[in-house]
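Working notes for the structure below.
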Amino acid sequence: MIEEYRGVWVFIEQNEGVIESVSLELLGAGRDLADKLQVPLAGVLLGSEVKSLASQIIAYGADIVYMIDHPVLKDYRTESYMKGLLKLVETYKPEILLYGATPNGKDLASAVATDLATGLTADCTMLDIDMENRLLEASRPAFGGNIMATILCKKDRPQMATVRPKVMKALEPDETRQGKVVEETIDLKEEDMRTKVLKIVKDVTETASLADAHVIVCGGKGMGDELGFQLIHEFAEVIGASVGGTRDVIEAGWLPYEYQIGQTGQTVTPKMYFAVGVSGAIQHVVGMKNSDVIIAINNDPNAPIFDVATYGIVGDALEILPKLIEQFKQIRKEMGGEISYA
Amino acid sequence: MKSAMPEKFDVIVVGAGPAGTACAYTCAKNGLKVLQIERGEYPGSKNVMGGVLYRKQLEEIIPEFWKEAPLERPIVEQNFWLMDKNSVVKFGYKGLEWGEEPYNNFTVLRAKFDQWFAQKAVEQGSLLINETVVKECIVENGKVVGVRTDRPDGDVYADVVVLADGVNSLLAKQLGFRKELRPDEVALAVMEVINLPKEKINDRFNVNDNQGCTIEIFGDSTKGNLGTAFIYTNKDSINIGVGTTLSSMIKSKMKPYDLLDQLKNHPMVSPLLEGGESAEYLAHLIPEGGYNSVPKVVGNGVVVVGDAAQLVNAIHREGSNMAMASGRMAAEAIIKAKERNDFSEAGLSSYRDALYESFIIKDLQKYKDAAHTFEENPQYFQYYLPMLNKAMSEFFTVDGVPKKDKQKEMMKMLTGEKGKLNVIKDIYRAWKAVK
Amino acid sequence: MHIVVCIKQVPDTKIIKINPKTNTLDRRSAPAILNPYDAHAVQEAVNIKKELGKGHISVISMGPPPATDIIKKSVEIGADEGYLITDRAFAGADTLATSYALSKGLEKIAKARPIDMIICGKQAIDGDTGQVGPGIARRLDIPPVTNVLEVLEVNEKERTVLVKRKTSGGYEIVQAELPCLLTVEKEVNEIEYAPLPNMIKAARYEPVIWTVNDFEGVDRTKLGLKGSPTVVGKMFTPPRPEGGKKLEGTADEQVKQVIDIMLERKELFFVK
Ligand SMILES: Cc1cc2nc3c(=O)[nH]c(=O)nc-3n(C[C@H](O)[C@H](O)[C@H](O)COP(=O)(O)OP(=O)(O)OC[C@H]3O[C@@H](n4cnc5c(N)ncnc54)[C@H](O)[C@@H]3O)c2cc1C
Ligand SMILES: Cc1cc2nc3c(=O)[nH]c(=O)nc-3n(C[C@H](O)[C@H](O)[C@H](O)COP(=O)(O)OP(=O)(O)OC[C@H]3O[C@@H](n4cnc5c(N)ncnc54)[C@H](O)[C@@H]3O)c2cc1C
Ligand SMILES: Nc1ncnc2c1ncn2[C@@H]1O[C@H](COP(=O)(O)O)[C@@H](O)[C@H]1O
Chain A
151 MIEEYRGVWV FIEQNEGVIE SVSLELLGAG RDLADKLQVP LAGVLLGSEV KSLASQIIAY
211 GADIVYMIDH PVLKDYRTES YMKGLLKLVE TYKPEILLYG ATPNGKDLAS AVATDLATGL
271 TADCTMLDID MENRLLEASR PAFGGNIMAT ILCKKDRPQM ATVRPKVMKA LEPDETRQGK
331 VVEETIDLKE EDMRTKVLKI VKDVTETASL ADAHVIVCGG KGMGDELGFQ LIHEFAEVIG
391 ASVGGTRDVI EAGWLPYEYQ IGQTGQTVTP KMYFAVGVSG AIQHVVGMKN SDVIIAINND
451 PNAPIFDVAT YGIVGDALEI LPKLIEQFKQ IRKEMGGEIS YA
Chain B
78 MKSAMPEKFD VIVVGAGPAG TACAYTCAKN GLKVLQIERG EYPGSKNVMG GVLYRKQLEE
138 IIPEFWKEAP LERPIVEQNF WLMDKNSVVK FGYKGLEWGE EPYNNFTVLR AKFDQWFAQK
198 AVEQGSLLIN ETVVKECIVE NGKVVGVRTD RPDGDVYADV VVLADGVNSL LAKQLGFRKE
258 LRPDEVALAV MEVINLPKEK INDRFNVNDN QGCTIEIFGD STKGNLGTAF IYTNKDSINI
318 GVGTTLSSMI KSKMKPYDLL DQLKNHPMVS PLLEGGESAE YLAHLIPEGG YNSVPKVVGN
378 GVVVVGDAAQ LVNAIHREGS NMAMASGRMA AEAIIKAKER NDFSEAGLSS YRDALYESFI
438 IKDLQKYKDA AHTFEENPQY FQYYLPMLNK AMSEFFTVDG VPKKDKQKEM MKMLTGEKGK
498 LNVIKDIYRA WKAVK
Chain C
213 MHIVVCIKQV PDTKIIKINP KTNTLDRRSA PAILNPYDAH AVQEAVNIKK ELGKGHISVI
273 SMGPPPATDI IKKSVEIGAD EGYLITDRAF AGADTLATSY ALSKGLEKIA KARPIDMIIC
333 GKQAIDGDTG QVGPGIARRL DIPPVTNVLE VLEVNEKERT VLVKRKTSGG YEIVQAELPC
393 LLTVEKEVNE IEYAPLPNMI KAARYEPVIW TVNDFEGVDR TKLGLKGSPT VVGKMFTPPR
453 PEGGKKLEGT ADEQVKQVID IMLERKELFF VK
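Protein chains in written order, with the numbering used here: chain A, 151 to 492; chain B, 78 to 512; chain C, 213 to 484.
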């Protein structure tokens, strides 16, 4: 009976009417999967007064938008969203359903998977299709990230996965794309809800700013000690970049946890990434390898970071950083201005 | 949630090394209510030892322990190396009878062994608490009545407190049983565990899977410092270490890890380690004052065992066995004291008596001057060893010189500028120290 | 207030040593520990009990027999009792089968003493999935609140709990009816240094052990490997991106080249 299930779906996470970027990234990835399987790609939108978002979803690659618009769906809550999504899945039977691995996405996926008694793979970083068996190959880091494991869900449908933000690429939006909007209704009552969202607070802390930074200077254990690490702060300051660190740096207490980049920290995709005194362990690399330009400074010519660096400098960071700082200060002066974030 | 009255135990054992656990095990086995407190994350987590475990003293506590204990290899070969810069004189003994039950001794990794041993005590009913530091003994009316730990609501009481807290024993110092160790009473040892595939170990040390080998190294290993180095084979790792007395280290201004580095790079040693991966680096003190520095070991409501009581035979690298034996003897005294309900110094004194009648104190007495002899006479290490190496080289070199002349030449080398009489004096002094 | 905390034993991935050159890992060195998030979950239960002045804390784990260690660890932190579900029938469970088995255990605990709140860790560091908690909530039909950063208030009279929950853009304040299930982030509290009486109690404590036969009417097809829809296909080392070029020359020459590269993208270092 699993043949009844057709189509690739992406759960579109919106918060206060704004679509999360991971959902757009997933539409890009989902487009690929849907084309391989020769099925339509659908975005699933739940919320209150969100109908206007449908065109954006189509512009980013969806053929269909399944939608439930209901006042009780205003803020994300497991109970209400789960009911809505379950209704759509049971009615339209997709074979693949993807979610962003955000707090809400993971929460919803876990609940839905339990009711559907189907498989759910967490925090994927690669997606592909085994064409022969028409199976989703959802791959994720395992055993501390040294190895990738491909998880399959052979007998149950839909095949579900949550996918890490920033690892997939969104398509360029195409406003001319055409698609279908299918709206469903649902019977929800606020009195039946057992949770209430009393307040939503946008908190653009360092964490958020690191994720959105255009330039990041990441220091590693190679900076020697806390004093050496000051050079990282200084360099970041003069070029107007955000500071990040490896896990070893966080463990040494040179930076708080929010600044950790990598598998157990944040994934970042800045335009330019400096890795200074960073060895380039795979757990670190998975969190930064999609940066546009990577510049590595390391005194060990065989350090694995050079395998991912666009430009590598083999040398002593404690010698090179002060030079860079000095030169950039000079440039800044010449240009006669303050440097601020781009 | 303030707790009610703190609990009272028959015995509190501070430290879960071999001494403390032997004591806890024996007490618990005899029905006493025991609490053992260890500061490490688990017993053995921070404990250091070259790694030779002797059979006899543990067998007296747990018969046929080798059938289940996490041992590395039974030792079938023990070697002594007298090493110079580019040469070494070796002698040793290999006996395959040591590779069979009941065995002679074993290599162990303390992180595994201590954990197992402590678990055996737990099986006997002893309660074990980790990650808890005993800050001081609680003393009331001149009697130790319990301990104060670093935890909230951290006092706990007992009839007897056993100090098995190792070489530094802050608690024995607190009670005034002993003083701060002098630099010549204590050796600083550093060692490394180096992972190496089993096959490589077997090849390089010429042993089978279930056979181990020890090497004690004198001479260039300590760069003229008083002390020795060692290499022991585990299942798939090697322990290599070097220890010298603090005083000679201070004199020569050497850092222990420099010594270890030099040892690892010594041309006689490095081929044994090649391709190995350093897994752990450890440093620890060894009490080497011997007989002369054994402190007061019994007080009112308190006994001192193992390294805390300085029970180490530096010459024969025995320590863990003395620790276990002393722990057992202390337990037996406590059991007797319990029968009479007398935990005073007199009531516990049978521990002291047993200790002084045993091999432990006798051995320590025998070597009581050894360390000082070598300490005060650096010529043993700085002069004789290189000479001996030269002499042996001469002896084995086939160069057409008649053997008789060679012997004469060797004798001259050995006595050298020192003169025969001085050499004889040195030999006599050394012999007296270890006889 | 009866709080049950779900706890899992995991290898300490922090201690697993990794060779950065070969990317191989040395598992020998990794001891099994209480999942760090779960330690915070237990601590949170203890804090709530302290705040209310009364309550009962149980912990439950599914895993092999050595998992009794983490139950003892929880007693050290302040749990009152612990249950271990251990049986070959449960082996090989994915998150779906795990949440089923745990929900059966929780139902059994609830029969003896009704449960007001369940607390799980945000995720277990061995699998990093974070799916078991919400799964349990569904099976027991109680509301889940995941990613809890702070428990603001537990109101026994109104039977509600007020929490601060992490979201992708910040946080939100959520109120949930009891009974509910929370999954907690590490920020939720600091693990306290356990008092000595707890340590002694833990050293003595023998957890309750349940095997599959202790569960009446359990659907065996939903357990373990059989009850797990996901299977592991292939394992492979992640493809490493190609490295770019190494800059040549003296330190000063290299610095100059870097500056040039940076100035090519001047807009990133926007000068007002
Ligand atoms: C389950 C798990 C999860 C993990 N998650 C993460 C994660 O999220 N993020 C993360 O970063 N790590 C993570 N790690 C740890 C990771 O494996 C590495 O240990 C860590 O990234 C190494 O940090 P580092 O590069 O700062 O230090 P090191 O590996 O010690 O590297 C220091 C580098 O600096 C170089 N160096 C030294 N001196 C100088 C100098 N003067 N000038 C220039 N270069 C110099 C050295 O050659 C070396 O390459 C994780 C590990 C595990 C097991
Ligand atoms: C490099 C080296 C090589 C050696 N080689 C050998 C050898 O080959 N064979 C041999 O038999 N002996 C050897 N020894 C000696 C042997 O290690 C010791 O004699 C033996 O470990 C003594 O046991 P113990 O129980 O008295 O002390 P320890 O093993 O030191 O145990 C003391 C315990 O008490 C705990 N502790 C300390 N203070 C406190 C406190 N305040 N509160 C709670 N817990 C506390 C410690 O964490 C520790 O676990 C060697 C020693 C060294 C350093
Ligand atoms: N085997 C288990 N036994 C008890 N609790 C578990 C188990 N597996 C997961 N959990 C709980 O579910 C949380 C999330 O785990 P996971 O979904 O595996 O990342 C953990 O922090 C635990 O609280």
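For every residue, glycine included, the Cβ atom is placed at its ideal position computed from N, Cα and C.
Using a 10 angstroms sphere on the CB of residue 366 of chain C, the tally of other CB atoms reaches 16 or more, which defines it as buried. Rounded to the nearest whole angstrom, the CA to CA distance from residue 470 of chain A to residue 465 of chain C is 10 Å. For residue 261 of chain A, the neighbours in chain C by C-beta distance under 8 Å run, in chain order, 346, 347, 349, 350, 356. A Cβ of chain C is located within less than 8 Å of the beta carbon of residue 228 of chain B. Each of A:179, A:430, A:432, A:442 was checked against the Cα of residue 247 of chain A, and the nearest Cα belongs to A:179. Under the rule that a run must span 4 or more residues, the alpha helix (DSSP H) segments found entirely inside the segment 136-217 of chain B read 187-200. Within the DSSP secondary-structure output, residue 295 of chain B pairs in a beta bridge with B:159. Residues of the segment 370-404 of chain A that bring their beta carbon within less than 7 Å of a beta carbon in chain C comprise 389, 390, in sequence order. Listed along chain C, the residues sitting closer than 8 Å to residue 209 of chain B by beta-carbon distance are 408, 411. Take residue 404 of chain A, set aside five residues on each side of it, and the residues of its chain with a beta-carbon closer than 6 Å to its own are 376, 379, in chain order.
Taking a 10 Å sphere around the C-beta of residue 397 of chain A, we find 16 or more other C-beta atoms and assign the residue as buried. Residue 186 of chain B is positioned such that its CB atom lies closer than 8 Å to that of residue 311 of chain B. With fewer than 16 other CB atoms across the displayed protein chains lying within 10 angstroms of its CB, residue 259 of chain B is exposed.
Boundaries of the beta strand (DSSP E) harbouring residue 131 of chain B: 129-131, taken from the DSSP string. For residue 233 of chain B, the nearest CB of chain C lies under 8 Å from its own CB, placing it at the interface with that chain.
At a threshold of 7 Å, residue 344 of chain C counts as near ligand 3, since its beta carbon sits closer than that to one of the ligand's heavy atoms. When secondary structure is reduced to three states using DSSP, residue 257 of chain B falls in the coil class, being assigned neither helix nor strand.
When DSSP states are grouped into helix, strand and coil, residue 126 of chain B belongs to the coil group. According to the DSSP assignment, residue 469 of chain C belongs to the alpha helix (DSSP H) that extends over 463-476. When distances are taken from the beta-carbon of residue 397 of chain B to the heavy atoms of ligand 2, the shortest one is below 7 Å. Residue 225 of chain A and residue 432 of chain C have their C-alpha atoms some 38 Å from each other. As a beta-bridge residue in DSSP terms, residue 422 of chain C pairs with C:297. Following the DSSP letters along the chain, one finds residue 253 of chain C inside the alpha helix (DSSP H) bounded by residues 248-264.
Annotation for residue 340 of chain C indicates a beta carbon within 7 Å of some heavy atom of ligand 3. Considering only beta carbons, no part of the segment 308-334 of chain A lies closer than 7 Å to chain C. With a threshold of 7 Å, the Cβ atom of residue 214 of chain C does not count as near ligand 2, since no heavy atom of the ligand is closer than that. Assignment of beta-bridge partners to residue 374 of chain C by DSSP yields C:365, C:387. Using a cutoff of 7 Å, the CB of residue 312 of chain C does not count as near ligand 3, since none of the ligand's heavy atoms is closer than that.
Three or more pairs of CB atoms, one per stretch, sit closer than 8 Å, so the segment 247-258 of chain C contacts the segment 403-419 of chain C. Residue state for residue 446 of chain C is assigned as strand, using DSSP reduced to three classes. In the three-state reduction of the DSSP assignment, residue 109 of chain B falls in the coil class, being assigned neither a helical nor a strand state.
For residue 284 of chain A, the closest Cβ of chain C is not nearer than 8 Å.
For residue 416 of chain C, the chain B residues whose Cβ falls inside 9 Å of its Cβ are 204, in order along the chain.
Taking non-hydrogen atoms of ligand 1 into account, the C-beta of residue 441 of chain A is found less than 7 Å away from none of them.
With contacts defined by Cβ atoms closer than 8 Å, residue 475 of chain A and residue 385 of chain A form a contacting pair.
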